[in-house]
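One structure is given below, encoded as structure tokens.
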Amino acid sequence: MTPAAAQPTRIRIAAENPYEVVVGHGVLGEVAPLVARADRVAVLHPAALIDVAVRVVADLERAGHQVVRIDVPDAESAKTVEVAARCWAVLGHAGFTRSDAVVGVGGGATTDLAGFVAATWLRGVGLVTVPTSLLAMVDAAVGGKTGINTAEGKNLVGVFHEPLGVVCDLDVLATLPLTDLRAGLGEVVKAGFIADPEILRLVEEDPAAVLDPRAPVLRELVERSVAVKARVVSADLREATSVGASVGRELLNYGHTLGHAVERREHYRWRHGDAVSVGMVFAAELARAAGILDDATADRHRAVLRSLGLPTAYDPAAFDDLLAAMALDKKTRGSTLRFVLLDGLASARILAGPDEALLRRAYAAAAA
Ligand SMILES: NC(=O)c1ccc[n+]([C@@H]2O[C@H](COP(=O)([O-])OP(=O)(O)OC[C@H]3O[C@@H](n4cnc5c(N)ncnc54)[C@H](O)[C@@H]3O)[C@@H](O)[C@H]2O)c1
Ligand SMILES: O=C(O)C(=O)C[C@@H](O)[C@H](O)[C@H](O)COP(=O)(O)O
Ligand SMILES: [Zn+2]
1321 MTPAAAQPTR
1331 IRIAAENPYE
1341 VVVGHGVLGE
1351 VAPLVARADR
1361 VAVLHPAALI
1371 DVAVRVVADL
1381 ERAGHQVVRI
1391 DVPDAESAKT
1401 VEVAARCWAV
1411 LGHAGFTRSD
1421 AVVGVGGGAT
1431 TDLAGFVAAT
1441 WLRGVGLVTV
1451 PTSLLAMVDA
1461 AVGGKTGINT
1471 AEGKNLVGVF
1481 HEPLGVVCDL
1491 DVLATLPLTD
1501 LRAGLGEVVK
1511 AGFIADPEIL
1521 RLVEEDPAAV
1531 LDPRAPVLRE
1541 LVERSVAVKA
1551 RVVSADLREA
1561 TSVGASVGRE
1571 LLNYGHTLGH
1581 AVERREHYRW
1591 RHGDAVSVGM
1601 VFAAELARAA
1611 GILDDATADR
1621 HRAVLRSLGL
1631 PTAYDPAAFD
1641 DLLAAMALDK
1651 KTRGSTLRFV
1661 LLDGLASARI
1671 LAGPDEALLR
1681 RAYAAAAA
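Read left to right, the sequence shown gives residues 1321 to 1688 (the numbering used here).
Given below as structure tokens:
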């Protein structure tokens, strides 16, 4: 799958306006051409990514754009309506029109915020995402889901807004803390279970190698995970085709029903990828308890996630709180909880309205 190391890989997303996810080394120069028609460009980034942002800004200025750099809070504290409002004020003050553009440089929290700001300013201006964490490269910056959190839960406010392009420069992963690289692998493993078992084989073959940002295998994992996301979102951009037990884009929500509830209970201090890891083990136990998933595939979840040092269980006493939070999951319909479960490797279905007793049993098994 990976061509010569120097060549970027281009993965196409078949949106209404198709776009590419570029994966490679030293590819930040691909940002400026994507916003060629904009006069003004806002570059949103947290302080931790100032070096990358400054390089993007310099390129944009060389290309003749008027650039506004917006320093946003780090991680989940960026995903608030107050921060979005501050960004809207900057865009308004700088006179951003519909032909102007927003560039998000950072992890998934930053690209979610940048996407939300781009989607809502004047009801939609151009967006380019420059993911700098593994998680954002393989998942958050791709596919057009944008959002912010509210007191009631995770990503409860947002819109679909496709980017003009996504630029993944693998060189920037050199500064990513190990804990965040590991969290990103949570979503990589998700892509393996839901659609591409070769990902699981690569991780299991050498878990230590995939925790090294310079390892060639990491590029293959990024490309494979982006390819999974590209296939799923290209078929169901707006998460509209899960009917009955069949699964459209909701497939990408594997492990997220419980995962988001954990994040909320932890006031967003847990890393998203860590919470998804716990959520996938719960989903595997739920599928096993419901009699639809074989023991080997269920057990494989805990084994592969543990081999990466990811958490696989959460507070055994938290079930009631988590159940309450899951009521506001976006897959819930009325009072019916819906879970994406596997009935085999790379084979999923929706389980709607499981008994509370079954959920409790699965939670206890996951926590054991
Ligand atoms: N929109 C989607 O489809 C989608 C998909 C998956 C996840 N998400 C969202 O993405 C977020 C999680 O993303 P994340 O794990 O990237 O978290 P994050 O954005 O909070 O980044 C994690 C930490 O890594 C730092 N960081 C990022 N890149 C760095 C680099 N190259 N060098 C040094 N530090 C760096 C950040 O500053 C932050 O402190 C969550 O809010 C989640 O809900 C969205
Ligand atoms: O792109 C999607 O669709 C996903 O569900 C990907 C998830 O990894 C991601 O965390 C997403 O933000 C969750 O979406 P939500 O609709 O449950 O908030
Ligand atoms: Zn996720």
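The beta carbon of each residue, even a glycine, is placed where N, CA and C say it ideally should be.
If you compare alpha carbons, which of ARG1681, ASP1516, HIS1576, THR1329 is closest to ASP1640? Of all alpha-carbon atoms in ARG1681, ASP1516, HIS1576, THR1329, the one lying nearest the alpha-carbon of ASP1640 is that of ARG1681.
Which parts of the region 1324-1355 are runs of the beta strand (DSSP E), unbroken and 3 residues or longer, counting only runs that do not cross its ends? The region 1324-1355 contains these whole beta strand (DSSP E) runs: 1329-1333, 1339-1344.
In this structure, what does DSSP give as the bridge partners for LEU1447? In the DSSP output, where bridge partners are listed per residue, LEU1447 has VAL1422.
Work out the CA separation of ASP1432 and THR1452 for me, nearest whole Å. 13 Å
Could you give the distance in angstroms between the alpha-carbon of THR1322 and the alpha-carbon of PRO1536? With a pLDDT of 47 at THR1322, under the threshold of 50, the modelled position of this residue cannot be trusted; read the value that follows with caution. Distance between the alpha carbons of THR1322 and PRO1536: 9 Å.
Determine contact between the region 1447-1465 and the region 1421-1428, defined as no fewer than three beta-carbon pairs at a distance below 8 Å. yes
Measuring alpha carbon to alpha carbon, tell me which of ALA1335, LEU1476, ASP1379, SER1419 ends up nearest GLU1350. Nearest option by C-alpha distance: ASP1379.
Specify the secondary structure class of VAL1486 as computed by DSSP and reduced to three states. strand
Does ligand 1 have even one heavy atom less than 7 Å from the beta-carbon of LEU1531? No, Cβ of LEU1531 sits at least 7 Å from all heavy atoms of ligand 1.
Could you give the DSSP three-state label for ARG1680: helix, strand or coil? helix
Are any of the Cβ atoms in chain C nearer than 8 Å to that of VAL1479? Considering every chain present, this structure includes no chain C. It has just one protein chain.
Does the beta carbon of GLY1599 fall short of 7 Å from some heavy atom of ligand 2? no
At what residues does the beta strand (DSSP E) containing PHE1731 begin and finish? In the structure as shown, the chain starts at 1321 and stops at 1688, and residue 1731 therefore has no counterpart that could be examined.
Going along the chain, which residues of its own chain have a beta-carbon closer than 8 Å to the beta-carbon of THR1440, five neighbours each way excluded? ALA1404, TRP1408, VAL1479
Is VAL1342 closer than 8 Å to VAL1486 when the C-beta atoms are compared? Yes, Cβ-Cβ distance for VAL1486 and VAL1342 is below 8 Å.
Distance, Cα to Cα, GLY1512 vs HIS1576? 15 Å
Going by beta-carbon coordinates alone, are LYS1510 and MET1600 separated by less than 8 Å? yes
Ligand 3 site residues, beta-carbon cut 6 Å against heavy atoms: ASP1459, GLU1507, HIS1576, HIS1592, VAL1596
Considering ALA1503, what are the terminal residues of the alpha helix (DSSP H) in which it resides? 1498-1514
Report the CB separation of LEU1484 from GLY1446 in whole angstroms; it is logged as a contact under 8 Å. At roughly 5 Å, the Cβ-Cβ gap stays under 8 Å, so LEU1484 and GLY1446 are in contact.
What is the residue span of the beta strand (DSSP E) that GLY1473 lies within? 1473-1477
Check this for me: beta carbons of HIS1345 and ASP1491, under 8 Å apart or not? yes
My output table needs one value for LEU1578: the three-state DSSP class, helix, strand or coil. helix
Would you give the residue range spanned by the alpha helix (DSSP H) that ARG1382 belongs to? 1370-1382
Nearest to GLY1384 (by Cα), restricted to the options GLU1396, VAL1374, ALA1356, THR1400: ALA1356
Among LEU1348, GLY1415, ALA1666, whose alpha-carbon lies nearest the alpha-carbon of VAL1552? ALA1666
PRO1366, enclosing beta strand (DSSP E) - first and last residue: 1360-1366
Using CA coordinates, which residue listed in THR1617, LYS1549, ASP1556, ALA1633 is at the minimum distance from GLY1579? Ranking the options by Cα distance to GLY1579, first place goes to ALA1633.
If you follow the alpha helix (DSSP H) that ARG1521 is in, where does it begin and where does it stop? Boundaries of the alpha helix (DSSP H) around ARG1521: 1517-1525.
For SER1627 and PRO1527, what's the separation of their Cα atoms in angstroms? Spanning the alpha carbons of SER1627 and PRO1527 requires a straight line of approximately 6 Å.
When you compare the CB positions of ALA1618 and ARG1608, do they come within less than 8 Å of one another, or not? yes
State the start and end residues of the unbroken beta strand (DSSP E) segment that holds ASP1640. Premise fails: ASP1640 lies in the alpha helix (DSSP H), 1639-1646, not in any beta strand (DSSP E).
Just verifying my parser: in three-state terms, what is the DSSP assignment at THR1322? Any answer about THR1322 is weak, because its pLDDT of 47 lies below 50 and its placement is not dependable; what the coordinates show is given next. Here THR1322 sits in coil by DSSP.
In the DSSP assignment, what residue or residues form a beta bridge with ASP1635? Looking at the DSSP assignment, ASP1635 forms no beta bridge with any residue, so it has no partner.
For a test of your reading of the model: does the CB of GLU1559 fall under 7 Å from any non-hydrogen atom of ligand 2? Yes or no. yes
C-alpha distance - ARG1669 paired with ARG1544, whole-angstrom precision: 22 Å
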